[in-house]
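Engineer:
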Amino acid sequence: MTEIIVLISLAGIAIGKIPALRMNRATIAVCGATLLILTRSVSLEDAYHAVDLNTIVLLFSMMVFNANLRFAGFFTLAGHMLKKRAHNPALLLLLIILFSSILSALFINDPLVMMLTPIVCDVTLSMGLNPLPYLLGIAVSANIGSMATIIGNPQNILIGASSGMPFGTFSRYLVPPAIIILALAYGLLLILFRKDFRAQKALTYNAEKIFIYKPLLIKSGISFLIMALCIIIGLPVSLAGLTGSAFLLITRRISPERVFADIDWSLLVLFPSLFVITKAAAQSQAFAFFYEHMGTIMQKSPAGFGLISAAMSQIISNVPTVMLLRTIVPTMHNPTLLWLILAGCTTLAGNFTLLGS
Numbered sequence: 005m006t007e008i009i010v011l012i013s014l015a016g017i018a019i020g021k022i023p024a025l026r027m028n029r030a031t032i033a034v035c036g037a038t039l040l041i042l043t044r045s046v047s048l049e050d051a052y053h054a055v056d057l058n059t060i061v062l063l064f065s066m067m068v069f070n071a072n073l074r075f076a077g078f079f080t081l082a083g084h085m086l087k088k089r090a091h092n093p094a095l096l097l098l099l100i101i102l103f104s105s106i107l108s109a110l111f112i113n114d115p116l117v118m119m120l121t122p123i124v125c126d127v128t129l130s131m132g133l134n135p136l137p138y139l140l141g142i143a144v145s146a147n148i149g150s151m152a153t154i155i156g157n158p159q160n161i162l163i164g165a166s167s168g169m170p171f172g173t174f175s176r177y178l179v180p181p182a183i184i185i186l187a188l189a190y191g192l193l194l195i196l197f198r199k200d201f202r203a204q205k206a207l208t209y210n211a212e213k214i215f216i217y218k219p220l221l222i223k224s225g226i227s228f229l230i231m232a233l234c235i236i237i238g239l240p241v242s243l244a245g246l247t248g249s250a251f252l253l254i255t256r257r258i259s260p261e262r263v264f265a266d267i268d269w270s271l272l273v274l275f276p277s278l279f280v281i282t283k284a285a286a287q288s289q290a291f292a293f294f295y296e297h298m299g300t301i302m303q304k305s306p307a308g309f310g311l312i313s314a315a316m317s318q319i320i321s322n323v324p325t326v327m328l329l330r331t332i333v334p335t336m337h338n339p340t341l342l343w344l345i346l347a348g349c350t351t352l353a354g355n356f357t358l359l360g361s
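Counting the sequence shown from 1 gives a position; this note's numbering is that position plus 4.
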């Protein structure tokens with residue numbers, strides 16, 4: 005019974021809906037987790053203990069950062085600077101890829117993509133350009149850039165909380181491959197859309213008035229520095245993020261309702277439910293068989309483990325994949341290497357299909 009509920013839940017989460025019902029990934033996960041508790045596949049106490057609060061706290065904190073950056077007009081300013089600095093289509097693509105990847109490494113990539121997409125559409129269409137290569141540039145670079153840090157995407161946040169790996173150690177190993185893959189992605193987009201970039205026409209910039217709330221922009225920068233300082237002095241990343249976001253929430257101008265309305269509550273509901281689902285899976289006999297064989301593969305071939313985790317991300321998406329595999333990694337001979345492989349492969353898998361991320 006447990007296996008059936010887990011499989012149906014993961015399938016629903018992967019697809020994102022259930023036919024004839026108005027449900028999304030979060031509600032499917034909540035219903036699946038609740039059913040597992042009701043059928044005693046996992047006890048209520050075990051369900052509570054399964055939820056990793058460090059992951060939830062860091063997710064929430066980074067969403068507060070993103071919301072305040074948007075209110076400050078940071079993304080509007082970014083679009084303005086792209087128009088001003090890009091003198092030809094290839095340079096515009098390069099700037100978009102650099103901007104998207106760097107921001108995705110510093111903040112959660114999902115909301116960033118949602119905020120950057122309309123800006124890039126506006127920039128490209130106003131310049132008479134085909135927006136497709138630039139939108140693909142955002143999608144690809146946001147995934148690749150987010151691979152480089154613990155705070156770049158939800159699955160990395162989960163891996164960071166589960167592994168206890170220092171921020172610097174994580175980035176030291178994953179920043180170099182991220183840079184190389186970004187360069188390859190840029191070159192591939194230039195080749196695939198060579199007709200759009202062959203005629204390197206000069207792009208004209210028309211000055212326009214934009215609204216920037218400078219005090220909040222400065223405060224957001226200070227908050228990020230506070231978070232960085234907390235990480236440097238050795239505080240847990242979740243506490244560092246919470247400290248920076250708490251500073252942002254001390255305000256006389258921006259109401260809490262506006263900030264909280266910008267939080268992705270569906271994601272914050274999805275994660276605890278997924279923790280319960282994967283806890284039940286780990287306790288079931290069928291999944292114990294899967295874990296045993298996966299452990300053998302991980303010991304013999306880390307590369308094979310990377311391929312399997314990437315393939316699983318295409319089937320059930322990357323966050324559920326990490327949640328299923330995170331219980332095995334600490335028991336292996338070289339867990340640090342396997343955590344890094346899991347982070348890199350599940351993140352890069354998001355570039356292959358719409359389901360992967």
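In this text, a Cβ means the ideal position worked out from N, Cα and C, and glycines have one as well.
Runs of 4 residues minimum, wholly inside the region 307–340: which ones carry the alpha helix (DSSP H) assignment?
Structural biologist: 322–329
Engineer: With distances taken between CB atoms, is the gap from PRO158 to VAL323 smaller than 7 Å?
Structural biologist: Reading the sequence shown from its first residue, position 154 is the one you call residue 158. Reading the sequence shown from its first residue, position 319 is the one you call residue 323. Yes.
Engineer: Quick check: what's the CA-CA separation for GLY299 versus TYR190?
Structural biologist: As a working note, residue 299 is residue 295 in the sequence shown. As a working note, residue 190 is residue 186 in the sequence shown. The alpha-carbon atoms of GLY299 and TYR190 are separated by roughly 36 Å.
Engineer: Fully enclosed by the region 73–127, which beta strand (DSSP E) runs are 3 residues long or longer?
Structural biologist: none
Engineer: State buried or exposed for TRP269, treating a residue as buried only when at least 16 other CB atoms are found within 10 Å of its CB.
Structural biologist: Within the sequence shown, numbered from 1, the residue matching residue 269 stands at position 265. So TRP269 counts as exposed.
Engineer: Among the candidates ILE163, SER259, ILE142, ALA15, whose CA atom is the shortest distance from the CA of LEU344?
Structural biologist: Within the sequence shown, numbered from 1, the residue matching residue 344 stands at position 340. For LEU344, the nearest C-alpha among the options comes from ILE163.
Engineer: Beta-carbon of ALA143 versus every beta-carbon of chain D: anything under 7 Å?
Structural biologist: Note that chain D does not occur in the displayed structure, where there is just one protein chain.
Engineer: Applying the criterion that 16 or more other CB atoms from any shown protein chain within 10 Å of the CB defines a buried residue, is ALA82 buried or exposed?
Structural biologist: By 1-based counting over the sequence shown, the position of residue 82 is 78. When all chains shown are included, ALA82 counts as buried.
Engineer: In chain order, what residues of the same chain lie with their CB nearer than 7 Å to the CB of THR333, ignoring the 5 residues before and after it?
Structural biologist: For the purposes of this step, residue 333 is taken as residue 329 along the sequence shown, with counting starting at 1. One point to set straight first is that residue 333 is Val, not Thr, in the sequence displayed. If we look at VAL333 and ignore the five residues flanking it on each side, its Cβ neighbours are PRO339, LEU342, TRP343, LEU346.
Engineer: Within the continuous alpha helix (DSSP H) that includes ALA165, where are the two ends?
Structural biologist: The residue given as residue 165 occupies position 161 in the sequence shown. Residues 158–167.
Engineer: Where does PRO122 land, buried or exposed, given buried means 16+ other C-beta within 10 angstroms?
Structural biologist: Locating residue 122 in the sequence shown gives position 118, where the first residue counts as 1. By the 10 Å Cβ count, PRO122 comes out exposed.
Engineer: Kindly indicate which residue of PRO260, ALA30, LEU328, PHE356 has the alpha-carbon position closest to the one of TYR295.
Structural biologist: Translated into the one-based positions of the sequence shown, residue 295 becomes position 291. Closest option to TYR295, Cα to Cα, is LEU328.
Engineer: In angstroms, rounded to a whole number, what distance separates the CA positions of PRO115 and ASN70?
Structural biologist: Counting from 1 along the sequence shown, the entry for residue 115 is found at position 111. Counting from 1 along the sequence shown, the entry for residue 70 is found at position 66. Cα-Cα distance, rounded: 7 Å.
Engineer: Hey, out of LEU278, VAL61, LEU42, whose CA is closest to ILE267's CA?
Structural biologist: The residue given as residue 267 occupies position 263 in the sequence shown. Selected option, being the one with the closest Cα: VAL61.
Engineer: Quick check: the region 99–109 against the region 141–152, are there 3 or more CB pairs under 8 Å?
Structural biologist: yes
Engineer: Check whether the region 20–27 and the region 40–54 touch, using three or more Cβ-Cβ pairs below 8 Å as the test.
Structural biologist: no
Engineer: Which residues does DSSP list as the beta-bridge partners of LEU233?
Structural biologist: Translated into positions along the sequence shown, residue 233 becomes position 229. Its beta-bridge partners do not exist; DSSP assigns none.
Engineer: In whole angstroms, give me the CA-to-CA distance for ASP200 and LEU192.
Structural biologist: As a working mapping, residue 200 is identified with position 196 in the sequence shown. As a working mapping, residue 192 is identified with position 188 in the sequence shown. Between ASP200 and LEU192, the C-alpha separation is close to 13 Å.
Engineer: Helix, strand or coil: which one does DSSP assign to ILE142?
Structural biologist: As a position in the sequence shown, residue 142 is number 138, starting the count at 1. In the structure shown, ILE142 sits in a helix (DSSP, three-state: H, G or I).
Engineer: Using a Cβ-Cβ cutoff of less than 8 Å, which residues in the same chain neighbour VAL68 once the five nearest sequence positions on both sides are dropped?
Structural biologist: Counting from 1 along the sequence shown, the entry for residue 68 is found at position 64. SER249, LEU252, LEU253, VAL263, ILE267, listed in sequence order.
Engineer: By Cβ distance below 8 Å, which residues in the same chain neighbour LEU63 in space, the five residues on each side in sequence not counted?
Structural biologist: By 1-based counting over the sequence shown, the position of residue 63 is 59. Result list for LEU63: ILE112, PRO158, ILE161, LEU271, LEU272, PHE275, in chain order.
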